[in-house]
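J.: Would you mind keeping the following structure in view while I ask a few things?
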Amino acid sequence: MPAKLARIAADRLGLIRARRPRIHVVTNTVAQTFTANALLAIGAVPSMTTAADEIGAFVAGADGLLVNLGTLEADRRGAIRIAIAAAEDKGIPWLLDPVFIDRSPARAAFARELAGLGPAAIRGNAAEIAALAEGEAIDALARRLGAVVAQTGESDHVTDGTRGLSVANGHPLMAKVTAMGCAGAAITTAFLTCGGEAAESVAAALLALGIAGEAAAEEARGPGTFAAAYLDALHGVDALELATRARLGPDLREKRS
Amino acid sequence: MPAKLARIAADRLGLIRARRPRIHVVTNTVAQTFTANALLAIGAVPSMTTAADEIGAFVAGADGLLVNLGTLEADRRGAIRIAIAAAEDKGIPWLLDPVFIDRSPARAAFARELAGLGPAAIRGNAAEIAALAEGEAIDALARRLGAVVAQTGESDHVTDGTRGLSVANGHPLMAKVTAMGCAGAAITTAFLTCGGEAAESVAAALLALGIAGEAAAEEARGPGTFAAAYLDALHGVDALELATRARLGPDLREKRS
Amino acid sequence: MPAKLARIAADRLGLIRARRPRIHVVTNTVAQTFTANALLAIGAVPSMTTAADEIGAFVAGADGLLVNLGTLEADRRGAIRIAIAAAEDKGIPWLLDPVFIDRSPARAAFARELAGLGPAAIRGNAAEIAALAEGEAIDALARRLGAVVAQTGESDHVTDGTRGLSVANGHPLMAKVTAMGCAGAAITTAFLTCGGEAAESVAAALLALGIAGEAAAEEARGPGTFAAAYLDALHGVDALELATRARLGPDLREKRS
Chain A
-10 MPAKLARIAA DRLGLIRARR PRIHVVTNTV AQTFTANALL AIGAVPSMTT AADEIGAFVA
50 GADGLLVNLG TLEADRRGAI RIAIAAAEDK GIPWLLDPVF IDRSPARAAF ARELAGLGPA
110 AIRGNAAEIA ALAEGEAIDA LARRLGAVVA QTGESDHVTD GTRGLSVANG HPLMAKVTAM
170 GCAGAAITTA FLTCGGEAAE SVAAALLALG IAGEAAAEEA RGPGTFAAAY LDALHGVDAL
230 ELATRARLGP DLREKRS
Chain B
-10 MPAKLARIAA DRLGLIRARR PRIHVVTNTV AQTFTANALL AIGAVPSMTT AADEIGAFVA
50 GADGLLVNLG TLEADRRGAI RIAIAAAEDK GIPWLLDPVF IDRSPARAAF ARELAGLGPA
110 AIRGNAAEIA ALAEGEAIDA LARRLGAVVA QTGESDHVTD GTRGLSVANG HPLMAKVTAM
170 GCAGAAITTA FLTCGGEAAE SVAAALLALG IAGEAAAEEA RGPGTFAAAY LDALHGVDAL
230 ELATRARLGP DLREKRS
Chain C
-10 MPAKLARIAA DRLGLIRARR PRIHVVTNTV AQTFTANALL AIGAVPSMTT AADEIGAFVA
50 GADGLLVNLG TLEADRRGAI RIAIAAAEDK GIPWLLDPVF IDRSPARAAF ARELAGLGPA
110 AIRGNAAEIA ALAEGEAIDA LARRLGAVVA QTGESDHVTD GTRGLSVANG HPLMAKVTAM
170 GCAGAAITTA FLTCGGEAAE SVAAALLALG IAGEAAAEEA RGPGTFAAAY LDALHGVDAL
230 ELATRARLGP DLREKRS
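Structure below.
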């Protein structure tokens, strides 16, 4: 199983580096630069406008869309609706990252509205997924929305409602760099543009991200040098490194029972 | 005296790493990423929304607030007023950083209004503090506002109106990285959440920042590697390093007379 | 010829480090931090507000202005018009960077309007310059606008309509870091504040940028460490390094025929 997911991750990375997919990213201003650099590092091409009169054209020219709800200014909501409509219209995958919705009721309500509009995947930490699910089990949430749901943490759990995958790679320094999760969601969106089974694409992306974090930690002296080394690692990660480092986590459903 | 302030800095840092205070930061978009990374590096948890319908909830869930006036868009003023009201309501400390008010009369007027709303501390360079004080002595300004005033520069001067502290640590490369001051103000806000005497918290924060800059310069080959090394140093700085590097500056009042 | 342009670049850099020109930058939020750090690294002083009631005062106090059209929110257009009027009023040089206008018709129309307002220089990649020129040859475009036009790419081509200069320095990792072009445009603006022939200032800036990229690549293990090393290289680049690394490219008109 780790070998299989590592192989899928290597295949998807190869496709991204060859095709250079355009990923349009609606994200908070804190995360923009690191997210753009992470996308460039794996071979994708980022664009980031949120201007209402431009975003439709940008999404129409893109291969995937990330909607991140951090620092959600009022005028960004309109832009997000236009962007999602353009993605649905063109049939490209989009991913919802409901950042900090456990801290703001207004933002949680907006996230629940967007979750019903057909995202290919939703990614959040345990508190964010709980705020979105409102008591529903994560498998049931995935089935109801028809979306892959990924809950990140010490282990990452991915489900499409029928099948669960779990990844145990990563490093504690990843929690000491801002926008690490947002950049990861952007890279996951790039993996979704490759086709294939969506749950596998999401889990393969999380595997590659965790392995890049482990490789970077070996080069770093703290969170500052780690952030730079992480971009280096995303740029250089290959099939051999993925195969030798891959570690799958406990299944989510077993863990819950 | 250096030994005492170094010990206070080590104590405050220990508290921050143990308690992980949430710091809500209203700052300019240039400074957001580095500021978030600096807060994460010392063990605090940043949030940064400026959306009017969200910021109240974020500040209500925070332990401290930083108000930085850089790149001050019109709609950010309303958000700042909401944030300060929420901080005063909850009784958490907030710090005012009147960035570049010497370059914009409109911004200076707004800063003077905010300075009257009860900040725990105000931090600026000589030109910014002069624009705020309008001829008043900095001790008198601190007494009138009931706030700690910190004037940063080659030496940093801190006063609560009755007592002055001065710190001489730092490195010239700190002036070659954008947002170094803004990130320092955020870390100073985290120090203020620890309780104890506010002037000591502010001076201890400036001591730790200057020492991290000196340690980082030993690892750097220029301003780019310095920025990364500075985050590493903030993450790793400990009681021994603080004690051995601490250098207090000349007293502000002596210097003036 | 390479020796002459290298000498001009060294002279301009010496002036910037001595005079510390203030550069006001209207740029997208993705590029702000790296652009500010690049300006600081060469010795200039950045400011970045886009607030309509502040930007006039900031530009009036500046020595040069960069107008970058990335992530062009509606309210930024008004601020850009105010900024350009202030620059024309004071007689300081301003540079137009029409980012991604090939991807958004609304943005292209706005860029063509601004191009008629008297920029000292316009900088873009081949697709952006083509979208601006609408079929016109780049020399003709430069003559009609009375502006230096720089088309960046594997080789950079600079023309003022009568004279063409071409620079072949640079490194592929420069395309793997976001805001590299935006930061380069800001540094080019700083070079324009030095006086002298504008086409030479622009070509000298592009030469220095490409050489810094080559020097940085020798220190880097990937795009993350490259970005930090690039700022180090901008900070440290000197006359000897410029002279020994300078490589001029093929003339644009020869290439086209």
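Respectively, the protein sequence lines represent chains A, B and C.
FYI, the working numbering numbers position 219 of the first sequence as 208, with every residue one higher than the one before it.
FYI, the working numbering numbers position 6 of the second sequence as -5, with every residue one higher than the one before it.
FYI, the working numbering numbers position 121 of the third sequence as 110, with every residue one higher than the one before it.
Note that CB positions come from ideal geometry on N, CA and C, so glycine has one too.
1. Using the rule of at least 16 other Cβ atoms within 10 Å of the residue's Cβ for burial, across every protein chain shown, is B:E123 buried or exposed?
2. So what's C:S144 in DSSP terms, helix, strand or just coil?
3. Rounded to whole angstroms, what is the Cα-Cα separation between A:T177 and C:G142?
4. At which residues does the beta strand (DSSP E) containing A:N57 begin and terminate?
5. If you reduce the DSSP assignment to three classes, tell me which class A:L2 lands in.
6. In whole angstroms, what is the alpha-carbon distance linking B:A(-1) and B:G153?
7. For B:L198, which of B:C183, B:T214, B:R210, B:A235 has the nearest alpha-carbon?
8. Taking the CB atoms as reference points, tell me whether B:V56 and B:D91 lie closer together than 8 Å.
9. Select from B:L54, B:A104, B:G173, B:A95 the residue whose C-alpha is nearest the C-alpha of C:D42.
10. In terms of residue numbering, what span does the alpha helix (DSSP H) encompassing C:S190 cover?
11. For A:L106, does the three-state DSSP call read helix, strand or coil?
12. If you reduce the DSSP assignment to three classes, tell me which class A:R112 lands in.
13. Can you tell me whether C:R236 is helix, strand or coil according to DSSP?
14. What residue from A:G159, A:A164, A:L181 has the CA that sits closest to A:A201's CA?
15. Would you say A:P87 reaches chain B, if we count a Cβ-Cβ gap shorter than 8 Å as a contact?
16. Step through the CB atoms of chain E and report whether any lies within less than 8 Å of the CB of A:A157.
17. Sort out for me which residues DSSP pairs C:D86 with in a bridge.
18. Does C:G211 come within less than 8 Å of chain A when only Cβ atoms are used?
19. Between the Cα of B:M169 and the Cα atoms of B:Y219, B:S36, B:D227, B:A33, which residue gives the shortest distance?
20. Take C:I44 as the anchor and find which of B:D52, B:E62, B:A33, B:F47 has the nearest alpha-carbon.
21. Inspect the beta-carbon positions of B:A139 and B:R101 and report whether they are closer than 8 Å.
22. With DSSP as the reference, please indicate the residues paired to A:A139 in a beta bridge.
23. With DSSP as the reference, label B:V247 as helix, strand or coil.
24. Should B:V88 and B:V147 be called a contact, given that it needs their Cβ atoms to be closer than 8 Å?
25. Cβ closer than 8 Å: which chain A residues qualify as neighbours of C:S93?
26. So with Cβ pairs under 8 Å, would you call C:K165 a contact of chain A?
27. Is the beta carbon of C:G53 less than 8 Å from the beta carbon of C:W83?
28. Cβ of C:G32 within 8 Å of Cβ of C:R6?
29. In the DSSP assignment, find the unbroken beta strand (DSSP E) run with B:L154 in it and report its ends.
30. Whose C-beta lies closer than 8 Å to the C-beta of B:T167 among residues of the same chain, with five residues either side of it excluded?
31. What residues in the stretch 220 to 240 of chain A bring their beta carbon closer than 9 Å to a beta carbon of chain C?
32. Which term fits B:R245, buried or exposed, when burial requires 16 or more other beta carbons within 10 angstroms of its beta carbon?
33. Please tell me whether A:G50 has its Cβ less than 8 Å away from any Cβ of chain C.
34. Is A:T22 close to chain B, meaning its C-beta is less than 8 Å from at least one C-beta of that chain?
35. In or out: C:T16 buried (at least 16 other Cβ within 10 Å) or exposed?
36. In angstroms with no decimal places, state the Cα-to-Cα distance between A:A250 and A:A129.
T.: Well, looking at it:
1. As a working note, residue 123 of chain B is residue 134 in the second sequence. Counting the other CB atoms within 10 Å of its CB gives B:E123 a total below 16, which places it among the exposed residues.
2. If you number the third sequence from 1, residue 144 of chain C lands on position 155. Here DSSP, grouped into helix, strand and coil, assigns C:S144 to coil.
3. If you number the first sequence from 1, residue 177 of chain A lands on position 188. If you number the third sequence from 1, residue 142 of chain C lands on position 153. Taking the straight line from one Cα to the other gives about 30 Å.
4. Taking the first residue of the first sequence as 1, we reach residue 57 of chain A at position 68. Run containing A:N57: 53 to 57, per the beta strand (DSSP E) assignment.
5. Stepping through the first sequence from its first residue, residue 2 of chain A is reached at position 13. In the structure shown, the three-state DSSP call for A:L2 is helix.
6. Position 10 of the second sequence, counted from the start, is the residue given in the question as residue -1 of chain B. Position 164 of the second sequence, counted from the start, is the residue given in the question as residue 153 of chain B. In this structure, the straight-line span from the alpha carbon of B:A(-1) to that of B:G153 is close to 20 Å.
7. The residue labelled residue 198 of chain B in the question sits at position 209 within the second sequence. Measuring from the Cα of B:L198, the nearest candidate turns out to be B:A235.
8. As a position in the second sequence, residue 56 of chain B is number 67, starting the count at 1. As a position in the second sequence, residue 91 of chain B is number 102, starting the count at 1. No, Cβ-Cβ distance for B:V56 and B:D91 is not below 8 Å.
9. Walking along the third sequence from the start, residue 42 of chain C turns up at place 53. When only C-alpha atoms are compared, the closest one is B:A95.
10. On the third sequence, position 201 is the one that residue 190 of chain C refers to. Under the DSSP assignment, C:S190 falls in the alpha helix (DSSP H) whose first and last residues are 187 to 206.
11. By 1-based counting over the first sequence, the position of residue 106 of chain A is 117. Here A:L106 sits in coil by DSSP.
12. Taking the first residue of the first sequence as position 1, residue 112 of chain A is located at position 123. Of the three classes helix, strand and coil, the one that applies to A:R112 here is strand, per DSSP.
13. Looking up residue 236 of chain C in the third sequence gives position 247. Residue state, collapsed to three classes: coil.
14. Within the first sequence, numbered from 1, the residue matching residue 201 of chain A stands at position 212. Ranking A:G159, A:A164, A:L181 by Cα distance to A:A201 puts A:G159 first.
15. By one-based count along the first sequence, residue 87 of chain A stands at place 98. For A:P87, the answer is no, since every Cβ of chain B falls outside 8 Å of its Cβ.
16. The structure shown has no chain E; the protein chains it does contain are A, B and C.
17. Locating residue 86 of chain C in the third sequence gives position 97, where the first residue counts as 1. According to DSSP, which records beta bridges pairwise, C:D86 is partnered with C:N57.
18. Translated into positions along the third sequence, residue 211 of chain C becomes position 222. Taking 8 Å as the threshold, the shortest C-beta distance from C:G211 to chain A falls below it.
19. Along the second sequence, one-based indexing puts residue 169 of chain B at 180. Comparing alpha-carbon positions, the option among B:Y219, B:S36, B:D227, B:A33 lying closest to B:M169 turns out to be B:Y219.
20. Taking the third sequence and counting its residues from 1, one reaches residue 44 of chain C at position 55. The shortest CA-to-CA distance from C:I44 to any of B:D52, B:E62, B:A33, B:F47 is the one to B:E62.
21. Taking the first residue of the second sequence as position 1, residue 139 of chain B is located at position 150. Taking the first residue of the second sequence as position 1, residue 101 of chain B is located at position 112. Not closer than 8 Å, so no.
22. The sequence position of residue 139 of chain A within the first sequence is 150, counting from 1. Its beta-bridge partners are A:R112, A:V147.
23. Missing from the structure shown is residue 247 of chain B; chain B here goes from -10 to 246 and no further.
24. In the second sequence, counting from the first residue as 1, residue 88 of chain B sits at position 99. In the second sequence, counting from the first residue as 1, residue 147 of chain B sits at position 158. Not in contact: B:V88 and B:V147 (Cβ atoms no closer than 8 Å).
25. Stepping through the third sequence from its first residue, residue 93 of chain C is reached at position 104. Per Cβ cutoff of 8 Å: T38, E43, A46, F47.
26. The residue you call residue 165 of chain C lines up with position 176 of the third sequence. Closer than 8 Å: yes.
27. Working through the third sequence from its first residue, we reach residue 53 of chain C at position 64. Working through the third sequence from its first residue, we reach residue 83 of chain C at position 94. Between C:G53 and C:W83, the C-beta spacing is below 8 Å.
28. Taking the first residue of the third sequence as position 1, residue 32 of chain C is located at position 43. Taking the first residue of the third sequence as position 1, residue 6 of chain C is located at position 17. A contact, by the Cβ cut-off of 8 Å.
29. Here residue 154 of chain B refers to the residue found at position 165 when the second sequence is read from its first residue. Looking at the DSSP string, the run of the beta strand (DSSP E) that includes B:L154 is 153 to 156.
30. Position 178 of the second sequence, counting from 1, holds the residue named residue 167 of chain B. Contacts found: V19, A20, F23.
31. Flagged, chain order: L220, D221, A222, L223, H224, G225.
32. Along the second sequence, one-based indexing puts residue 245 of chain B at 256. Here the model assigns B:R245 a pLDDT of 40, short of 50, so the residue's position is not dependable, and the following value carries that caveat. Burial state of B:R245 is exposed, judged by a 10 Å Cβ sphere holding fewer than 16 other Cβ atoms.
33. Indexing the first sequence from 1 puts residue 50 of chain A at position 61. Yes, because at least one Cβ of chain C sits closer than 8 Å to the Cβ of A:G50.
34. What you label residue 22 of chain A is simply residue 33 of the first sequence in a count that begins at 1. Output row for A:T22: interface = yes.
35. For the purposes of this step, residue 16 of chain C is taken as residue 27 along the third sequence, with counting starting at 1. Buried is the call here.
36. The structure shown does not extend to residue 250 of chain A, since chain A is modelled only from -10 to 246, so the question has no answer here.
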